[in-house]
Every structure is written in C-alpha cells, then in structure tokens.
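K.L.:
Take a look at this one; I'll ask things after.
2 protein chains.
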Amino acid sequence: MALENILDQPLNPWMAGGGPDGDIVLSSRIRLARNFEAVPFPNRAKGSQLAAIVDQMRKSVNDLTNLDGHRYLFIEMEKLSPLERYVLVEKHIISPNLAQEAENRALIVRDDAAVSIMINEEDHLRIQCLAPGLNLNDALKCANKVDDAIEGRHDIAFSEQMGYLTACPTNLGTGLRASVMVHLPALVLSGQINRLVTAATQLGLAVRGIYGEGSEAVGNIFQISNQLTLGHGEQEIVENLYSVARQVVDHERSARQALLAESRDVLADRVWRAYGVLRYARSLSGQEALSLLSEVRLGIDLKIIDEVPPVIFNELLVTTRPNFLQKLAGQAELGPAERDRLRAQIIRQCLEDNKTRGGK
Amino acid sequence: MALENILDQPLNPWMAGGGPDGDIVLSSRIRLARNFEAVPFPNRAKGSQLAAIVDQMRKSVNDLTNLDGHRYLFIEMEKLSPLERYVLVEKHIISPNLAQEAENRALIVRDDAAVSIMINEEDHLRIQCLAPGLNLNDALKCANKVDDAIEGRHDIAFSEQMGYLTACPTNLGTGLRASVMVHLPALVLSGQINRLVTAATQLGLAVRGIYGEGSEAVGNIFQISNQLTLGHGEQEIVENLYSVARQVVDHERSARQALLAESRDVLADRVWRAYGVLRYARSLSGQEALSLLSEVRLGIDLKIIDEVPPVIFNELLVTTRPNFLQKLAGQAELGPAERDRLRAQIIRQCLEDNKTRGGK
Numbered sequence: 001m002a003l004e005n006i007l008d009q010p011l012n013p014w015m016a017g018g019g020p021d022g023d024i025v026l027s028s029r030i031r032l033a034r035n036f037e038a039v040p041f042p043n044r045a046k047g048s049q050l051a052a053i054v055d056q057m058r059k060s061v062n063d064l065t066n067l068d069g070h071r072y073l074f075i076e077m078e079k080l081s082p083l084e085r086y087v088l089v090e091k092h093i094i095s096p097n098l099a100q101e102a103e104n105r106a107l108i109v110r111d112d113a114a115v116s117i118m119i120n121e122e123d124h125l126r127i128q129c130l131a132p133g134l135n136l137n138d139a140l141k142c143a144n145k146v147d148d149a150i151e152g153r154h155d156i157a158f159s160e161q162m163g164y165l166t167a168c169p170t171n172l173g174t175g176l177r178a179s180v181m182v183h184l185p186a187l188v189l190s191g192q193i194n195r196l197v198t199a200a201t202q203l204g205l206a207v208r209g210i211y212g213e214g215s216e217a218v219g220n221i222f223q224i225s226n227q228l229t230l231g232h233g234e235q236e237i238v239e240n241l242y243s244v245a246r247q248v249v250d251h252e253r254s255a256r257q258a259l260l261a262e263s264r265d266v267l268a269d270r271v272w273r274a275y276g277v278l279r280y281a282r283s284l285s286g287q288e289a290l291s292l293l294s295e296v297r298l299g300i301d302l303k304i305i306d307e308v309p310p311v312i313f314n315e316l317l318v319t320t321r322p323n324f325l326q327k328l329a330g331q332a333e334l335g336p337a338e339r340d341r342l343r344a345q346i347i348r349q350c351l352e353d354n355k356t357r358g359g360k
Numbered sequence: 001m002a003l004e005n006i007l008d009q010p011l012n013p014w015m016a017g018g019g020p021d022g023d024i025v026l027s028s029r030i031r032l033a034r035n036f037e038a039v040p041f042p043n044r045a046k047g048s049q050l051a052a053i054v055d056q057m058r059k060s061v062n063d064l065t066n067l068d069g070h071r072y073l074f075i076e077m078e079k080l081s082p083l084e085r086y087v088l089v090e091k092h093i094i095s096p097n098l099a100q101e102a103e104n105r106a107l108i109v110r111d112d113a114a115v116s117i118m119i120n121e122e123d124h125l126r127i128q129c130l131a132p133g134l135n136l137n138d139a140l141k142c143a144n145k146v147d148d149a150i151e152g153r154h155d156i157a158f159s160e161q162m163g164y165l166t167a168c169p170t171n172l173g174t175g176l177r178a179s180v181m182v183h184l185p186a187l188v189l190s191g192q193i194n195r196l197v198t199a200a201t202q203l204g205l206a207v208r209g210i211y212g213e214g215s216e217a218v219g220n221i222f223q224i225s226n227q228l229t230l231g232h233g234e235q236e237i238v239e240n241l242y243s244v245a246r247q248v249v250d251h252e253r254s255a256r257q258a259l260l261a262e263s264r265d266v267l268a269d270r271v272w273r274a275y276g277v278l279r280y281a282r283s284l285s286g287q288e289a290l291s292l293l294s295e296v297r298l299g300i301d302l303k304i305i306d307e308v309p310p311v312i313f314n315e316l317l318v319t320t321r322p323n324f325l326q327k328l329a330g331q332a333e334l335g336p337a338e339r340d341r342l343r344a345q346i347i348r349q350c351l352e353d354n355k356t357r358g359g360k
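Written as structure tokens, this is what we have:
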C-alpha cells in the first residue's frame, strides 16, 4: 500500500476486521513514548540534532519489515502538503501536534496503517499500534515488538530509577498510553454517560472526544485512556484500562437492551429518521453528520436497520472530516457551505452504494 | 364506482387531472344551499318532515344521471358506520356537521365524487361541485345544472326580494359559497402569509385550514372562500374569488421563484430532508406528516425532487387522516401510537411504490 492509498482510502485496512466487542469498541491503541539517549528532547534540540534522528530512524524501516513481513513507508513531513498531513490526523495515523510543523519531522507507517512511528513530535519517537475492537493485549504485543526492533539498533534514554525518560513528566516510566475508542450512544441517550465519565476519572483514566485532548465527544464516540504511568507497570496499566473498558461495554450493552425493551418503537423511529436524513440531505455539518451516523450505527448494531453494513460508520467517520473532504475535492479550496454539500453528497453516495452491494 | 370504492380509495377520481394552476390550487368548490318550500329548516323540522325530504330526493337520482350520464349513489347516513361517515369528511365529500348525526340524513354522490348533495344538513339541500385546479366556472356551471335538475322536480324556497331562503342568514340570497383549496408553502416559509390573510379578509373573503371553519392550516393548505352572499350575484361572487385566487397564485409563484433564486441550496436540503424522513420514519403524527408532505410537494413542484409524482401529495393528504387510517386498519381500534405507526408505514409504502412506478 503506497502513501496515496493511505491518504485516499477512508478506511484503514486494520479497521475492516471488527475485532472483539467491535460493535462498541471501535479500536484499541497503545502508544509508547521513546527518546534517543544523550540528545535533547525535541523542544530543546537543535535542527541538526533532530535531522540526525530522522536519518537514524530511516535505518529502522528494514528492521521493521524483517519483524513482521509488512511493508513500512518512511515519510518526511516536509514532503507532504499541510492538507495531506491533516488527512493523516483525521485517519488517526499521526497527532495534530505532528501535523502542525513539518521541519525535521517524519513518520514511519505500516502498509495497513496499524503501526505508525511519529518522529520528533513531543518525544523523539512515538510508537503507535492499533487493533480493531477491544484488543489492548495484541496492540501492546505489537508495540513491544516494534520497540524491541528500535531499541536493538538505537540507544534509548532509560533510567533504572524512573524508567523511560520523556519530554513530559506525565509520560515518565513506561512511556505508555493505552486507549480505547468506544461508541456509547445508549449511555448518552439514557443520560448515564456523565456518571461513567466521573467514575472513570476517579480510577485515574481520562475520557475525551474522538480526536483526543480538547476535542468534543461528537458522534457519541469517546476515547478512554490511562492518565498515570510513573510507578505502574505496562501490564498493570493495560489490564486496568481493559477492565474498565469491559465494564463500559457491559453498561452500554445493558443500556441498549433497556432502550430496546422500554422504547423499541421510539428508538426505531429515531434511528430510521437519522438514516433518512443521511440518505437525502443536501447539506450536512460535520457535527450533525457524526450524530446521525452514530444513531444509524446504533440502529445497525441493534438489528433495526438492515439496509447497510456497520462498517459504513467507521468509513464515514473519516470520509466526512474537513481535510479528507478537501483532499477529495482536489485543488479548489472548499468554503464551509461547499464542504457541507460535499459531505452530504459523499454520505448519500456511500449509503446508496452499500445498500446496493449489501442489499438483501 | 360503488360506495366501497369511494370510501377505500384515497384519491377522488376528479383529483387526478391536476387542472389549471394545479401546482398551487388543489381544488375549486361551489356549494349551493337550497331548502324545500313550506317545510321548516332542518333544525326546526319534525323527523317525519325530514324523512319526507329524504324520500323526495331519492327520485332526483335518475334526473341527475340523465343530466350527465354519470352514476349517482343515494346513501342514507344511517346505513353508514360513524367511521365511514368520517372517512367521507376526510375526503371532503360531506361536512363534519352531516357526519355527526345520521338520523333522517342522506347523501347523493356522483361516481367520481365531484358532485355531492347533502340532505338535511343545516339546510335541506347542500349541493357541492368540485373541480381540480383553479376552475370555479366549471364548478359553478356544474352546480347550476344540478340545481336546475333538482328545481325541475321539487319546489325550492325562494323570495323575489331576498333570493334563496336558507337556515343561516349569511347564506341568504344566492345560497352560494365558492372556495378554493390552495397550497402556499412559499408564502408561509417567507412569512408573507399573514399579510395575505389580512388582505383577503378585507376583501370579504375567509381564509381557513384544510377542513373548513375552525380547522388549522396544517400542511400549508388554506381554504379561501366568500363570506358575503346577500346582495351579490353568483357570477360576481365567483369572479371576485377567482381574481383573489389568481393573485394568491401569482404571489405564491413569485415567492417560490424568490426562494429558488435566493436560497436554492437551503431549500433543496430542506425538501430532501423532509422526503428522507417520510421515506424512513417509523412514527408520524398527522400534523408532522402534513408539514413534511407539503415540503415534499413544494420540492416536486420546483423540480428539486424527481423521485415521485406530485399526485402522491393529494393522495397522502387523505390516506394519512385518522379515520381513513382506522378504516384501513379494519376492526381493531387504533390507539394514537398505533395510528402514527400505521401512518408512517403507509407513507413509506406509497413513496416506495411510486418511486418504483415513476422511477427514472
């Protein structure tokens, strides 16, 4: 898979599988922060030092291919247009932070986009492994293998007392952040979500919107991640998050069954109306699109809507983001109204195509 | 066409044509109030006197058939269930007043439902002639022919000084009420409707909702009718209403063009969303259904929506009324929630069928 494919296709290949509890947990993610020994952290390093790290990391590409047989691409951020960088953000392949500046920054990404390494973001290296569904262990195993391959070639800053050294003290220790992206429409509809956010926070977890820190929880999608790393082992962090995620899944599932039992007709009307608007609207804001898509996905999961497959939700989550739309539109810069029109058009087309394909 | 057909089919045959300005004027109607000479008005007559009038009128059925070759049905109201009577109201064949009580009341109706004579409503006879589109003259000609046929056989109360005598003094003189049913979504959307209602009222006309006096203007449908009759000739009344209706049509048409010119995209989004909700909702109240149907009809008239023909609007106006729904449902009495579900189901089915049939 070439870079063009990664940029053009809304659905990352690793997303297609579904995975355990894939009706509620869209993806599991492990991120490891790593820094080169004896080189200042990116925000204090000279340009030449950062460039040297980029050069060093180029050598790791073959190591990674030898590791798992996948193709890995090495991409200097300067070779990408700002638009292309933000498409990678919308596809959850890089962080908004990395997209902001291109100089001396690079990305290694696996052909299926399940593994990516950001170079010279807040830390020298940010290793990210993604897995479909609730599958933190596989993501952790994958991240550890990638980390081993990198540490086999490069000297990584590590203190016996503090663990991995990182630019921000909140990452000190394992340098690990584990997160799950969960779709919780029933907990939102039934008003239970706030209690859940409070409970998760008390357990040392953070609950955020779909694009991480500072983003809103549009489309009823939440990212739950560990906050603490210093003083905790990798396995402990992952198990803690896993056990909370399991409870969240169970609560969401109960809330869905309660909705079905108590107000099946109201729910059916609601999700079908959302589907009807998506099928025919001529203009859709990003926020409205996500809300309606969330309701449609709930309808699909509850077997109320059978006209389209569940994966259209994951696909349209990306396709309808502003930068992805701009990429589709080509040269001419889209105004907000044109963007809303294009978004509606793409959703209509996608639902129509999938209806025909999946039509029973 | 038997009574069963008149009750079961939502679209009266005379509606299918469209008629002049049929995109805005759904129908034109002439009603003549007539009373038998030397018999008290219905609210003061004895049962035996009313029964005698019903008997007398039975003889007019053949006269009417000889007049225009159409079949005419004679229906005693007591032979109909209350539900069937109210279906006739929803189809604009009889008035709510006639449906309320059945004793000594009857109806003569032409096989295409374009002509009906209510017997022993407020007056002994209420002759009604309907024509599609803006076509008051044809409706008046038709009503006069029917009136002549009746007056050829029966002695009708008439004073040289006051004209036709009627139970209510507002009908004295010609006994004529002329009305047009107009669909004015653009005047409503653009906020011009109130000015129009005020102007029409100053010209001695009444503007009401779809089911006459006291009914709300749901679905952007209005009935405009003359208020005054004493001291005015038939032709004068009809010409006065016609000229106002023409202006209303012109204003509505200008308002539609202005909407297209100023906010085509917003309008397209709005009418397609309405269509999407109608195509997929699982529950629709009568009022919401009419509002959405009105927007869809506007979309069809402005050639924004091309998936379904305009006549579905006229058809669904009747099909989605409570009594018609109850008739469709058969024996079991519908609760409000069931009715809303059945309404949504029928609308979905109708749009689906017409899409397939008319599909381009």
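Here the protein sequences come in this chain order: A and B. Taken in order, the first sequence gives residues 1 to 360; the numbers are from UniProt numbering. Taken in order, the second sequence gives residues 1 to 360; the numbers are from UniProt numbering. Cβ atoms here follow ideal geometry from the backbone N, Cα and C, with glycine treated the same way. From a predicted model like this one, the values you see are computed outputs, not experimental measurements.
Sort L80(B), I156(B), V188(B) by Cα distance to L32(B) and report the nearest one.
P.N.:
It is I156(B).
K.L.:
Where does C168(B) sit, in a helix, a strand or coil, going by DSSP?
P.N.:
Coil at C168(B), not helix or strand.
K.L.:
Between D123(A) and L26(A), what straight-line distance do the alpha-carbon atoms span, to the nearest angstrom?
P.N.:
Spanning the two alpha carbons is a distance of roughly 27 Å.
K.L.:
Name, please, each residue of chain A whose Cβ falls closer than 9 Å to the Cβ of S299(B).
P.N.:
A small fix is needed here, since residue 299(B) is Gly in this sequence, not Ser. Result: empty, since nearest Cβ-Cβ is about 10 Å, beyond 9 Å.
K.L.:
If you check the beta carbons only, do I53(A) and L3(A) fall under 9 Å apart?
P.N.:
Result no, Cβ atoms of I53(A) and L3(A) do not sit closer than 9 Å.
K.L.:
Taking 9 Å as the CB-CB cut-off, is residue 362(A) touching chain B?
P.N.:
Beyond the ends of chain A as shown, which are 1 and 360, falls residue 362(A); an answer cannot be given.
K.L.:
Taking D306(B) as the reference, which of A255(B), V318(B), W272(B) has the closest Cα?
P.N.:
Per the Cα distances, W272(B).
K.L.:
With distances taken Cα to Cα, identify the nearest neighbour of V180(B) among T198(B), P132(B), P82(B).
P.N.:
Taking only the C-alpha atoms, the option nearest V180(B) is P132(B).
K.L.:
For the stretch 252–277 of chain A, which residues have a beta carbon sitting closer than 8 Å to at least one beta carbon of chain B?
P.N.:
If the cut-off is 8 Å between Cβ atoms, the stretch 252–277 of chain A has D265, V266, A268, D269, W272, R273, Y275, G276, V277 near chain B.
K.L.:
Any idea what DSSP makes of I117(B), helix, strand or coil?
P.N.:
Three-state DSSP puts I117(B) in a strand.
K.L.:
Does L196(B) pass the burial test, meaning 16 or more other C-beta atoms within 10 Å, or should it be called exposed?
P.N.:
It counts as buried.
K.L.:
Output, in sequence order along the chain, the residues in the stretch 332–346 of chain B whose CB is closer than 8 Å to any CB in chain A.
P.N.:
Those would be A337, R341, A344, in chain order.
K.L.:
Going along chain B, which residues have a C-beta under 7 Å from S283(A)?
P.N.:
What S283(A) touches in chain B: D265, D269.
K.L.:
In angstroms with no decimal places, state the Cα-to-Cα distance between A114(B) and N12(B).
P.N.:
If I take the Cα positions, the gap works out to 8 Å.
K.L.:
Please list the terminal residues of the continuous beta strand (DSSP E) segment that includes S179(A).
P.N.:
176–183 is the span of the beta strand (DSSP E), which, as asked, contains S179(A).
K.L.:
Three or more C-beta pairs closer than 8 Å, one from the stretch 84–91 of chain B and one from the stretch 30–45 of chain B: is that the case here?
P.N.:
The stretch 84–91 of chain B vs the stretch 30–45 of chain B: no contact.
K.L.:
Give a yes or no on whether 9 Å exceeds the smallest Cβ distance from G133(B) to chain A.
P.N.:
It does not: the Cβ of G133(B) has no partner Cβ on chain A nearer than 9 Å.
K.L.:
Less than 9 Å between the C-beta atoms of L290(A) and I193(A), yes or no?
P.N.:
No, they are not a contact pair.
K.L.:
Determine which residues share a DSSP beta bridge with Q223(B) and list them.
P.N.:
The partner list for Q223(B) (beta bridge, DSSP) reads M181(B), R208(B).
K.L.:
Taking C-beta to C-beta, are A45(A) and M77(A) nearer than 9 Å?
P.N.:
No. Outside cutoff.
K.L.:
Output the boundary residues of the alpha helix (DSSP H) element that contains L230(B).
P.N.:
Counting along the chain, L230(B) falls outside any alpha helix (DSSP H), and DSSP gives it neither H nor E.
K.L.:
In whole angstroms, what separates the C-alpha of I347(A) from that of S283(A)?
P.N.:
Approximately 10 Å, taken between the alpha carbons.
K.L.:
Would you call the stretch 240–247 of chain A and the stretch 265–279 of chain A touching, i.e. three or more CB-CB distances under 8 Å?
P.N.:
With the cut-off at 8 Å, the stretch 240–247 of chain A and the stretch 265–279 of chain A do not touch.
K.L.:
Going by DSSP in three states, P20(B) sits in which element: helix, strand or coil?
P.N.:
P20(B): coil per DSSP, three-state reduction.
K.L.:
Which ranges does the alpha helix (DSSP H) cover as unbroken runs of at least 4 residues, wholly within the stretch 316–356 of chain B, from first to last along the chain?
P.N.:
Qualifying alpha helix (DSSP H) stretches, in chain order: 322–329.
K.L.:
Consult DSSP for S190(A) and reduce its assignment to one of helix, strand or coil.
P.N.:
Of the three classes helix, strand and coil, the one that applies to S190(A) here is coil, per DSSP.
K.L.:
Among T174(A), N135(A), A106(A), whose alpha-carbon lies nearest the alpha-carbon of P20(A)?
P.N.:
When only C-alpha atoms are compared, the closest one is N135(A).
K.L.:
Say whether the stretch 161–176 of chain A touches the stretch 226–246 of chain A, bearing in mind that this needs 3 or more beta-carbon pairs closer than 8 Å, one atom from each stretch.
P.N.:
Touching, yes.
K.L.:
Would you tell me roughly how many angstroms separate the C-alpha atoms of G69(A) and L267(A), rounded to the nearest one?
P.N.:
Their backbone Cα atoms lie some 46 Å apart in a straight line.
K.L.:
Tell me the residue span of the alpha helix (DSSP H) that contains P82(A).
P.N.:
P82(A) -> alpha helix (DSSP H) spans 82–90.
K.L.:
What three-state label does DSSP hand A281(B) in the structure shown?
P.N.:
Looking at A281(B) - three-state DSSP - the assignment turns out to be coil, as it is neither helix nor strand.
K.L.:
Roughly how far, in whole angstroms, is the beta-carbon of E315(A) from the beta-carbon of C350(A), given that I think they are within contact range, below 8 Å?
P.N.:
E315(A) to C350(A), Cβ: 7 Å. Contact.
K.L.:
On the premise that R126(B) lies in contact with A102(B), defined as a C-beta separation below 8 Å, what is that separation, rounded to the nearest angstrom?
P.N.:
The pair is not a contact, with the Cβ atoms about 16 Å apart (cut-off 8 Å).
K.L.:
For F324(B) versus H183(B), is the C-beta spacing smaller than 9 Å?
P.N.:
Their beta carbons are not under 9 Å apart, which means F324(B) does not touch H183(B) by this criterion.
K.L.:
Quick one, are the C-beta atoms of L334(B) and Q235(B) less than 9 Å apart?
P.N.:
For L334(B) and Q235(B), no; Cβs fall outside 9 Å.
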